[in-house]
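J.: In full-length UniProt numbering, the protein residues as written are 1 to 649.
For each residue, glycine too, the CB sits at the ideal point set by N, CA and C.
1. Can you tell me where the alpha helix (DSSP H) with residue 155 in it begins and where it stops?
2. Here's the rule I'm using: 16 or more other beta-carbon atoms within 10 Å means buried, otherwise exposed. How should residue 166 be labelled?
3. Between which two residues does the alpha helix (DSSP H) carrying residue 44 extend?
4. Using a Cβ-Cβ cutoff of less than 8 Å, which residues in the same chain neighbour residue 372 once the five nearest sequence positions on both sides are dropped?
5. Using the three-state DSSP reduction, which class does residue 347 fall into: helix, strand or coil?
6. I need the straight-line Cα distance from residue 531 to residue 169, nearest angstrom please.
7. Let me make sure I understand the geometry here. Which of 591, 606, 288 has the alpha-carbon closest to that of residue 597?
8. Quick one: what's residue 29 bridged to in DSSP?
9. In angstroms with no decimal places, state the Cα-to-Cα distance between residue 362 and residue 581.
10. For residue 625, I'd like the list of residues in its chain whose CB is within less than 8 Å of its CB, leaving aside the five on either flank, ordered along the chain.
11. Is there contact here, the segment 316-334 with the segment 119-132, by at least three beta-carbon pairs under 8 Å?
12. Who does residue 496 pair with in a DSSP beta bridge?
13. Give me the Cα-Cα distance between residue 185 and residue 261, rounded to the nearest whole angstrom.
14. Return the residue from the list 117, 101, 102, 205 that minimises the CA-CA distance to residue 90.
15. Answer yes if the segment 430-444 comes into contact with the segment 384-404, meaning at least three C-beta pairs across the two stretches below 8 Å, and no otherwise.
16. Return the bridge partner residues of residue 65 from the DSSP annotation.
17. With distance defined between alpha-carbon atoms, name the residue in 608, 533, 290, 384 nearest to residue 369.
18. Pick out whichever of 285, 60, 453 has its Cα sitting closest to the Cα of residue 463.
19. Within the chosen definition, does the segment 561-573 reach the segment 498-514 through at least 3 CB pairs nearer than 8 Å?
20. On the CB-based measure, 16 or more other CB atoms within 10 Å of its CB, does residue 155 come out buried or exposed?
21. What are the boundary residues of the beta strand (DSSP E) that includes residue 470?
22. Taking three-plus beta-carbon pairs below 8 Å as touching, is the segment 543-561 in contact with the segment 587-594?
23. With respect to the alpha helix (DSSP H) encompassing residue 60, which residues constitute its N-terminal and C-terminal limits?
24. Does the beta-carbon distance from residue 451 to residue 482 come in below 9 Å?
25. Measuring straight from C-alpha to C-alpha, what distance separates residue 255 and residue 193?
26. Just the C-alpha distance for residue 136 and residue 289, rounded to the nearest angstrom, thanks.
27. Please return the same chain residues whose Cβ sits closer than 7 Å to the Cβ of residue 225, not counting the five positions on each side in sequence.
28. Taking the CB atoms as reference points, tell me whether residue 535 and residue 515 lie closer together than 9 Å.
29. Following the continuous beta strand (DSSP E) through residue 647, name the residue where it begins and the one where it ends.
30. Taking residue 236 as the reference, which of 210, 221, 227, 403 has the closest Cα?
31. On the DSSP bridge list, what partners appear for residue 538?
32. Can we say the segment 271-282 touches the segment 290-297, given the rule of at least three CB pairs closer than 8 Å?
33. Short of 7 Å in beta carbon distance, which residues of its chain neighbour residue 360, apart from the five on each side in sequence? Order them along the chain.
34. How would you label residue 595, buried or exposed, when you count the other beta carbons within 10 angstroms and need 16 or more for buried?
35. When you compare the CB positions of residue 388 and residue 639, do they come within less than 9 Å of one another, or not?
36. Run through the DSSP bridge pairs and tell me what residue 549 is partnered with.
What follows is the structure in structure tokens.
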């Protein structure tokens with residue numbers, strides 16, 4: 001490697017018009033040759049003297065001329081032959097015949113074997129060069145394999161795939177929305193025509209009666225005119241009453257269909273904006289790695305050419321001197337190709353979550369009048385704090401015993417059969433242990449006052465994180481009160497007792513940021529995430545809220561209608577079903593009344609209300625082969641009620 005660098009420097013000096021001091025005559029002239037014996041530059045006159053003087057015969061084969069450089073026929077072997085064989089590092093008067101690996105491959109002579117380098121790892125130069133060539137050849141094979149893999153997808157190809165996928169998804173969304181809009185428009189048109197027909201019938205009936213009565217009135221005496229006017233008014237009221245119910249039904253249907261049509265337009269806009277955002281994001285990511293991608297390809301190509309040249313070279317001294325540096329550069333490049341180069345394939349896809357949109361589906365849910373069934377857990381568990389889905393049709397129930405520093409997690413089927421039990425040692429007696437679905441067979445729960453954890457049911461493993469070790473602002477008297485998940489972003493949200501701060505972690509329990517609830521909310525007893533909104537049960541404020549997030553700022557959109565005019569009811573638990581309908585458990589501890597209320601999406605209307613007659617503390621919606629079910633778990637009686645949920649178009 002040093003020879004190559006030196007050659008480049010000499011080449012540049014010979015081609016330059018710059019005046020340099022000639023070694024032979026000491027004049028500053030344009031140099032035309034370099035003598036490796038003299039280790040200096042020569043002017044044209046001194047160069048000719050070198051070539052003709054018999055006293056400098058041994059210098060002639062070690063002289064590099066400008067003509068040699070310009071002919072571009074200088075090989076590594078020829079360049080190496082112009083230099084003297086390396087001298088012994090200890091005995092400069094002797095030609096070195098060995099390399100000392102113990103001393104970083106310095107050249108040594110035979111005498112050094114018994115002197116300064118006695119006992120060192122010495123190598124004959126030819127054997128060492130052969131070994132280094134073989135080692136470098138393996139590196140080249142590795143580089144060629146990586147280069148072949150590297151060519152599978154280029155940034156340009158990735159961008160073309162991305163644009164194609166975006167176009168396909170756009171066409172799919174537009175067609176889907178167009179079909180639904182067409183159906184809704186047709187139904188709206190039919191209903192509007194029906195309304196017009198009813199109005200016309202009404203007008204015809206009114207006119208018919210009016211004309212009939214008017215004719216009779218004209219035949220009667222003026223004295224009985226008042227009688228017929230009264231009769232006319234009575235008849236008109238009868239007609240209005242007869243048509244009122246039909247008019248109300250049609251008006252409500254028109255309002256519902258109009259709202260549905262507007263929702264289709266809104267969903268289409270959201271889907272198309274999501275696709276455009278992914279196109280912009282992925283395009284920027286591809287552009288960001290493009291320059292690094294091209295630079296890495298150039299380095300790979302240059303290193304392959306240099307390594308192949310050294311391997312093919314028969315100059316052992318050059319191989320021994322250059323190969324270690326080339327191997328080091330190859331190792332660095334291999335590590336970069338394996339670990340640092342981004343996967344362009346992940347930047348070409350377009351992911352659309354169609355499940356959050358209800359094309360052609362009902363947006364209302366009808367809850368069964370009575371619980372389909374109920375089951376009770378073993379009394380040894382004492383207190384139930386949370387219930388959620390496992391993602392496989394089974395459910396997880398969490399809670400704590402009446403005494404001792406323990407928490408429990410129970411997995412049951414929908415009929416109450418216990419499939420798995422897990423006890424967790426907590427840091428304080430009777431801590432609150434809510435739970436929330438994270439992903440298939442994974443739930444987030446609490447193992448103590450300030451310890452959040454993720455339990456893997458499949459592998460029976462538990463990952464814990466002490467919040468006070470991460471967040472300096474977590475006071476000693478605060479404890480975790482509620483846990484929820486944002487499935488779209490794979491976030492875990494944690495609310496604390498008497499605090500408006502909601503702490504956000506990823507699904508690996510890495511801390512991300514804090515969301516601060518508005519001052520109107522005292523602290524969250526329970527939270528859930530639905531359609532981009534955070535729903536909050538504020539028991540201390542005896543109110544439940546729908547909030548929206550603008551960055552890290554949380555704003556109140558609306559309040560849920562209270563379940564009773566009495567101001568003593570507190571919301572304890574909140575969840576949603578697949579259609580976005582909301583369910584809240586309310587409790588009046590003074591009168592020991594407990595209600596389950598079903599709400600419209602915005603919380604402004606109660607669509608169903610049930611008196612549970614038991615202290616319910618947790619609820620969740622679960623998908624089953626028979627359809628979606630709502631589960632409500634009681635605190636101390638350990639009873640789980642199962643209600644049926646059905647789409648109501």
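T.: Walking through what the data contain:
1. 155-219
2. buried
3. 44-52
4. 629, 642, 643, 644
5. helix
6. 21 Å
7. 606
8. 20
9. Since pLDDT at residue 362 reaches only 47, below the 50 mark, its modelled position is unreliable, and the value read off the structure follows with that caveat. Their Cα atoms are separated by approximately 11 Å.
10. 393
11. yes
12. 480
13. 8 Å
14. 117
15. yes
16. 33
17. 608
18. 453
19. no
20. buried
21. Premise fails: residue 470 lies in the alpha helix (DSSP H), 467-470, not in any beta strand (DSSP E).
22. no
23. 57-60
24. no
25. 15 Å
26. 29 Å
27. 217
28. no
29. 639-647
30. 210
31. 543
32. no
33. Note that residue 360 scores a pLDDT of 48, beneath 50, so its modelled location is shaky; the value from the coordinates is reported in the next line. If we look at residue 360 and ignore the five residues flanking it on each side, its Cβ neighbours are 180.
34. buried
35. no
36. 554
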